[in-house]
Amino acid sequence: MSPTSETAQGGRRLVIVESPAKAKTIKGYLGPGYVVEASVGHIRDLPNGAAEVPDEYTGEVRRLGVDVEHDFQPIYVVNADKKAQVRKLKQLLAESDELFLATDEDREGEAIAWHLQEVLRPKVPVHRMVFHEITKDAIRAAVANPRELNQRMVDAQETRRILDRLYGYEVSPVLWKKVMPKLSAGRVQSVATRLVVERERERIAFRSAEYWDLTGTFATGRGGDASDPSTLTARLSAVDGRRIAQGRDFGPDGRLKSASGQTLHLDETNARALAAALADSAFAVRSVESKPYRRSPYAPFRTTTLQQEASRKLGLGAKATMQVAQKLYENGFITYMRTDSTTLSDTAVAAARAQVTQLYGADYLPEKPRTYAGKVKNAQEAHEAIRPSGDRFRTPAETGLTGDQFRLYELIWKRTVASQMKDATGNSVTVKIGGRASDGRDAEFSASGKTITFHGFMKAYVEGADDPNAELDDRERRLPQVTEGDALSADEITADGHATKPPARYTEASLVKELEEREIGRPSTYASIIGTILDRGYVFKKGTALVPSFLSFAVVNLLEKHFGRLVDYDFTARMEDDLDRIARGEAQSVPWLKRFYFGTQAGDAAGAGAASDAGNGDGDHLGGLKELVTDLGAIDAREISSFPVGNDIKLRVGKYGPYIERGEKDAEGYQKGDIPDDLAPDELTVEYAEELLAKPSGDFELGTDPVSGNQIVAKNGRYGPYVTEVLPEGTPKTGKNAVKPRTASLFKSMSLDTVTLADALKLMSLPRVVGEDAEGVEITAQNGRYGPYLKKGTDSRSLTSEDQIFDITLEEALAIYAQPKQRGRAAAKPPLKELGTDPVSGAPVVVKDGRFGPYVTDGETNATLRTGDSVEEITPERGYELLAEKRAKGPAKKKTAKKTAAKKAPAKKTAAKKTAAKKTTAKKAPAKKTAAAASTAAKKAAAWGTED
1 MSPTSETAQG GRRLVIVESP AKAKTIKGYL GPGYVVEASV GHIRDLPNGA
51 AEVPDEYTGE VRRLGVDVEH DFQPIYVVNA DKKAQVRKLK QLLAESDELF
101 LATDEDREGE AIAWHLQEVL RPKVPVHRMV FHEITKDAIR AAVANPRELN
151 QRMVDAQETR RILDRLYGYE VSPVLWKKVM PKLSAGRVQS VATRLVVERE
201 RERIAFRSAE YWDLTGTFAT GRGGDASDPS TLTARLSAVD GRRIAQGRDF
251 GPDGRLKSAS GQTLHLDETN ARALAAALAD SAFAVRSVES KPYRRSPYAP
301 FRTTTLQQEA SRKLGLGAKA TMQVAQKLYE NGFITYMRTD STTLSDTAVA
351 AARAQVTQLY GADYLPEKPR TYAGKVKNAQ EAHEAIRPSG DRFRTPAETG
401 LTGDQFRLYE LIWKRTVASQ MKDATGNSVT VKIGGRASDG RDAEFSASGK
451 TITFHGFMKA YVEGADDPNA ELDDRERRLP QVTEGDALSA DEITADGHAT
501 KPPARYTEAS LVKELEEREI GRPSTYASII GTILDRGYVF KKGTALVPSF
551 LSFAVVNLLE KHFGRLVDYD FTARMEDDLD RIARGEAQSV PWLKRFYFGT
601 QAGDAAGAGA ASDAGNGDGD HLGGLKELVT DLGAIDAREI SSFPVGNDIK
651 LRVGKYGPYI ERGEKDAEGY QKGDIPDDLA PDELTVEYAE ELLAKPSGDF
701 ELGTDPVSGN QIVAKNGRYG PYVTEVLPEG TPKTGKNAVK PRTASLFKSM
751 SLDTVTLADA LKLMSLPRVV GEDAEGVEIT AQNGRYGPYL KKGTDSRSLT
801 SEDQIFDITL EEALAIYAQP KQRGRAAAKP PLKELGTDPV SGAPVVVKDG
851 RFGPYVTDGE TNATLRTGDS VEEITPERGY ELLAEKRAKG PAKKKTAKKT
901 AAKKAPAKKT AAKKTAAKKT TAKKAPAKKT AAAASTAAKK AAAWGTED
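Going by the numbering used here, 404 is the number at position 404 of the sequence shown; the sequence numbering is gapless.
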């Protein structure tokens with residue numbers, strides 16, 4: 001009998017939560033009178049395929065899982081992997097007198113509770129138990145004060161789920177037909193992908209501008225100290241009253257935004273000439289302007305600000321942050337981590353203020369508690385901000401936490417305590433310095449400083465910045481104490497060259513911020529959205545930057561040209577408003593879904609009125625998804641996936657990946673070249689494309705297999721060159737009858753431009769049967785990832801050369817097996833690179849070369865390098881981030897054999913397959929662009945057809 005069943009005998013209350021970890025924590029607070037069990041997430045959802053749909057449904061209902069002809073009735077099925085858990089819950093419910101549904105207090109949690117009620121069909125009283133922190137007092141209060149299910153929240157979540165199903169299941173097949181199989185489209189993921197693609201387009205079109213200015217180091221002539229320096233550094237701000245052009249004065253086309261005579265654009269020649277003319281000039285202070293400085297604390301964390309700060313300060317991605325936060329919540333350390341609110345309860349405010357006094361003193365405590373107004377539209381204010389749980393906050397040292405959980409808790413604790421501290425105050429000073437050059441020109445330099453006289457909340461916490469070069473709030477810049485008219489001498493005046501930079505690529509933190517500011521999607525879903533576009537190959541990472549793939553350019557191109565409204569930022573935000581109106585009861589879901597899917601039919605005034613009554617606002621932003629996906633004749637698949645590079649070279653995104661070509665296929669002079677997996681689109685210049693075309697293509701047609709009749713080709717793949725067969729159109733690629741093409745890696749002695757059809761057929765014939773031993777066990781010769789080897793049953797032996805695979809005789813093979821098998825591992829290889837000390841484990845982090853490619857390790861955790869990472873370019877911060885993400889995932893789950901009632905079979909041992917990470921070589925961009933770089937940028941813009 002299970003422990004839960006034993007408990008049920010003495011009590012009659014069943015409490016259902018989502019996760020086993022949450023169940024374990026809550027069980028400890030409720031005691032023996034309660035049975036606490038987990039649903040393990042959703043137990044019921046829309047079907048994943050037609051095979052899961054009940055037989056009574058046919059046609060479009062089987063395909064969509066939604067009956068669009070009958071008020072968009074969803075077809076729900078119990079997930080296959082949850083049927084056993086549902087049976088267990090039903091058994092426990094049969095032994096109980098009351099049911100408490102204690103899922104999370106948000107729309108998704110409410111929906112899970114509703115599905116549980118629908119599936120379990122309880123005949124006992126049902127209560128909705130809600131709480132935003134897992135502490136003893138909070139759990140007991142939730143049991144004592146239950147509520148009813150909120151049907152509005154359930155309806156709103158169901159509408160979102162149906163909308164996302166219609167969007168995904170109707171638009172994704174268009175991508176399969178016109179771009180590449182197995183792609184996906186989504187209401188928010190497609191818009192997020194478009195944002196990343198548009199940023200890359202801006203980088204491609206960008207033209208760098210070169211500009212110069214002067215930097216002067218001026219001395220007061222008196223001895224200085226920390227509070228009163230003897231020198232100051234100032235930058236040239238004006239010449240003869242004309243302001244010196246800075247980077248902000250130039251547009252993305254490399255030209256000055258304003259051509260008026262008020263701005264002076266210095267080039268190198270004029271800047272050096274002016275510096276020489278000012279070398280012996282006398283300088284004096286022209287003005288000193290001092291203003292009071294005040295900085296207020298940052299609001300407590302909500303979901304998106306936590307993700308942004310964890311990315312900046314801890315190097316955690318959005319997904320890893322939410323995984324760590326989930327563990328902290330379920331184990332009772334923080335409040336619920338999916339929230340749009342910055343509000344703190346009275347209890348939390350009192351706890352924070354008590355710690356301010358205890359840790360920093362009464363001088364740091366404001367007279368009145370601070371309150372923070374929510375900035376997020378349609379925020380779910382029932383939740384609190386993310387904060388330490390309880391009515392007394394545990395300091396990080398008191399928690400006993402380690403690793404990423406400790407670091408994230410510490411971040412949340414500091415931010416919460418700092419939010420109830422006094423402002424930081426000080427002074428900001430601007431000093432203007434003037435002098436006349438030997439040629440008569442008047443030059444004015446400017447320096448700004450900041451001193452903090454009272455640090456206030458900065459004693460506890462200072463927010464990070466997305467720009468690594470940005471100055472943080474607690475940084476002081478002290479200037480000498482000077483007054484107007486003071487004489488200064490110039491120790492040094494130098495001419496400095498600068499170049500404008502293209503807009504920075506999004507990071508996970510800045511993309512989350514952009515989505516929230518545009519009011520696209522729900523903040524609680526951003527981590528999974530970013531995870532999806534990374535997993536789908538629409539985006540990959542270079543360091544922390546999100547780089548769009550060439551595939552994403554083709555997908556966004558199609559969506560913009562033929563489904564423009566669906567990826568329009570304003571349209572997506574208005575849809576979010578509509579869904580929130582449905583949640584508030586101000587709109588009805590069925591009329592809204594009809595308008596979105598079927599559109600407004602001609603003469604259907606009543607329908608239009610119903611949609612208007614449903615709360616669609618202007619109404620015109622909805623309409624006609626079904627019609628959009630029905631007529632696909634106007635979509636030219638080749639045109640959608642083709643982009644001009646220049647010099648008659650075109651980039652194409654094919655079914656097997658991107659490539660470049662020049663000329664028409666089968667025509668004389670036709671050229672084709674492969675695109676490296678890790679190449680960023682803004683790096684594909686005309687010059688680089690010419691280099692790629694000059695290399696062997698890596699995609700050669702070798703001929704036809706005389707047996708199967710299939711075309712045999714040689715390709716250059718992620719793990720090296722290989723040969724494969726092209727299966728006929730219509731060959732099933734998934735399901736029970738799926739057929740996989742024969743594939744084999746080239747030997748090291750072979751190359752793409754010399755491999756023949758005979759070689760390919762020979763390679764694809766492997767493994768080769770060498771013969772049988774005396775006991776009749778077959779011996780085969782094979783080529784594996786780690787080289788050539790023999791295999792006899794489960795006993796493998798390495799061969800010394802690839803040629804032996806085809807040449808070795810049975811006698812030679814038996815002689816090898818007659819030798820004792822070598823045990824133990826080879827000597828460890830030296831690390832490829834040392835990165836420094838991991839901030840979590842405190843152990844040295846190195847890059848090593850493993851079986852599946854290079855990886856980072858601290859001796860305990862290993863993380864394979866991703867697409868866009870390379871041994872040469874990986875930074876310590878990126879290494880720490882990869883390790884943090886791996887730790888957040890936890891250990892890999894081991895596969896176990898299924899138990900059958902009839903016969904107990906021994907579990908088969910299966911070797912867990914690891915997926916090799918892409919080996920990439922990232923190109924290092926120059927830190928400083930020169931005039932030559934500006935020229936390259938112009939060519940780059942022309943390459944993608946963005947030049948004026």
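Virtual Cβ for every residue (Gly too), placed ideally from N, Cα, C.
Asked: Do you know whose CA, among GLU778, LYS748, LYS762 and GLY776, lies nearest GLY787's CA?; Found: LYS748
Asked: Hey, LEU264 and ARG235: beta-carbon distance below 8 Å or not?; Found: no
Asked: Using 10 angstroms around the beta-carbon of TRP413, count the other beta-carbons present and answer buried if the total reaches 16, otherwise exposed.; Found: buried
Asked: So, with DSSP's three-state summary, where would you put ASN270?; Found: helix
Asked: Kindly indicate which three-state DSSP category GLN157 falls into: helix, strand or coil?; Found: helix
Asked: With distances taken between CB atoms, is the gap from GLY216 to ILE493 smaller than 8 Å?; Found: yes
Asked: Let me know the secondary structure DSSP gives GLN405 once reduced to three states.; Found: helix
Asked: Under a three-way DSSP split, which group does GLY617 fall into?; Found: Model confidence at GLY617 stands at a pLDDT of 37, short of 50, so the residue's coordinates are unreliable and nothing is read from them.
Asked: Would the beta-carbon of LEU195 fall within 8 Å of that of ALA271?; Found: no
Asked: Excluding the 5 residues preceding and the 5 following GLU289 in the sequence, name in chain order all residues of the same chain whose CB lies nearer than 6 Å to its CB.; Found: THR430
Asked: Inspect the beta-carbon positions of TYR1001 and LEU761 and report whether they are closer than 8 Å.; Found: This structure gives no information on residue 1001, because the portion of the chain shown stretches from 1 to 948.
Asked: Give me the Cβ distance between THR25 and GLY390, rounded to the nearest whole Å; I'm assuming they're in contact under 8 Å.; Found: That belief does not hold up - the Cβ atoms of THR25 and GLY390 are roughly 13 Å apart, past 8 Å.
Asked: Assess contact between the region 655-663 and the region 673-681, defined as three or more Cβ pairs (one per stretch) separated by less than 8 Å. Is contact present?; Found: yes
Asked: Do the region 630-645 and the region 108-121 make contact, defined as three or more Cβ pairs closer than 8 Å?; Found: no
Asked: DSSP has LYS432 in a bridge; who is on the other side?; Found: SER287 and SER446
Asked: Per DSSP, which one or two residues make a beta bridge with TRP592?; Found: None; TRP592 has no bridge partner.
Asked: Looking only at its own chain, which residues have a Cβ that is under 7 Å from the Cβ of ARG12, when we skip the five neighbours before and after it?; Found: SER96, ASP97 and GLU98
Asked: Just the Cα atoms here: how many angstroms apart are ASP535 and VAL482?; Found: 58 Å
Asked: LEU790 and ALA818: beta carbons closer than 8 Å?; Found: no
Asked: Do ILE640 and ALA192 have their beta-carbon atoms positioned less than 8 Å apart in this structure?; Found: no
Asked: I need the boundaries of the alpha helix (DSSP H) containing THR630, first residue and last residue.; Found: 625-630
Asked: Note the first and the last residue of the continuous alpha helix (DSSP H) segment covering THR193.; Found: 189-205
Asked: Using 10 angstroms around the beta-carbon of ASN783, count the other beta-carbons present and answer buried if the total reaches 16, otherwise exposed.; Found: buried
Asked: Who are GLY850's beta bridge partners in DSSP?; Found: GLY853
Asked: For SER528, list the residues DSSP reports as bridge partners.; Found: Note: SER528 sits in no beta bridge, so no partner.
Asked: Where are the alpha helix (DSSP H) runs, 4 residues long or more, that stay fully inside the region 79-123, in chain order?; Found: 83-94 and 107-120
Asked: Please go through the same chain and pick out, in chain order, the residues whose beta-carbon is closer than 6 Å to the beta-carbon of SER345, but skip the five residues on each side of it.; Found: GLU384
Asked: Report yes if the CB atom of ASP858 is closer than 8 Å to the CB atom of LEU832, and no otherwise.; Found: no
Asked: Give the straight-line distance between the Cα atoms of ALA38 and ILE816, rounded to the nearest whole angstrom.; Found: 55 Å
Asked: According to DSSP, simplified to helix, strand and coil, what is ASP363?; Found: helix
Asked: List the endpoints of the continuous beta strand (DSSP E) containing TYR789.; Found: 787-792
Asked: Would you kindly check if the distance between the Cβ of SER510 and the Cβ of ASP280 is under 8 Å?; Found: no
Asked: Which residue comes first and which comes last in the beta strand (DSSP E) that contains ARG768?; Found: 768-772
Asked: Looking only at its own chain, which residues have a Cβ that is under 7 Å from the Cβ of GLU148, when we skip the five neighbours before and after it?; Found: ARG128
Asked: Could you check the C-alpha separation between VAL130 and ILE582 for me, to the nearest Å?; Found: 22 Å
Asked: Looking only at its chain, what residues have a beta carbon closer than 7 Å to the beta carbon of LYS450, apart from the 5 residues adjacent to it on each side?; Found: TYR293, GLY426, SER428, GLU476 and ARG477
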